[in-house]
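Worksheet: the structure to be examined is printed underneath.
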Amino acid sequence: MRLKTPSENTTDSNVIALQLMAFIASNEERLERFSALSGIGLFEMQTGAQDPVFLGFMLDYALQDEALILEFAQNQEISPQTLVNARRNFPGANDDF
Numbered sequence: 004m005r006l007k008t009p010s011e012n013t014t015d016s017n018v019i020a021l022q023l024m025a026f027i028a029s030n031e032e033r034l035e036r037f038s039a040l041s042g043i044g045l046f047e048m049q050t051g052a053q054d055p056v057f058l059g060f061m062l063d064y065a066l067q068d069e070a071l072i073l074e075f076a077q078n079q080e081i082s083p084q085t086l087v088n089a090r091r092n093f094p095g096a097n098d099d100f
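So the number in the working numbering is just where the residue sits in the sequence shown, counting from 1, plus 3.
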């Protein structure tokens, strides 16, 4: 079995974070809840999509909501652990999850 390189892990993590952003933005209720809790609107989400710190924040947000984690993971056909693993590749990561 070939291990992924750090750049491959980062790319995978970016994809997961961007898919999460799209998932949140695709549903009015999810987007309104996100905006109410974070103070961040759709425009800020779009401009933050290239910022690794913001992508880490998006994963942090999701990892605080088990229902969101499970719904997103099911929608993407991935393990919920994938979000935890993705978060580790962004600035400010810790092993609390």
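Beta carbons are placed, not taken as given, at the ideal position from N, Cα and C, and that holds for glycine.
Everything numeric in this text was worked out from a predicted model, so none of it was measured.
Counting C-beta atoms within 10 angstroms of its own C-beta, alanine 70 has fewer than 16 neighbours from the protein chains shown and is therefore classed as exposed. For glycine 95, the secondary structure class from DSSP, reduced to helix, strand or coil, is coil. Exclusion of the five residues before and after methionine 48 leaves Met24, Ala28 as the residues of its chain whose Cβ lies within less than 7 Å of its Cβ. In this structure, the beta-carbon distance from leucine 45 to alanine 20 does not fall below 8 Å.
Nearest neighbour of arginine 33 by Cα position, chosen from Gln53, Tyr64, Gly51, turns out to be Tyr64. Per the C-alpha coordinates, the member of Glu35, Asn97, Leu62, Gly95 positioned closest to leucine 86 is Leu62. Looking from the CA of alanine 96, the closest CA among Gln79, Ile72, Asn78, Val56 belongs to Val56. Look at alanine 52 here: in three-state DSSP terms it is coil, with no helix or strand label. With fewer than 16 neighbouring CB atoms inside 10 Å of its own CB, asparagine 78 falls in the exposed class.
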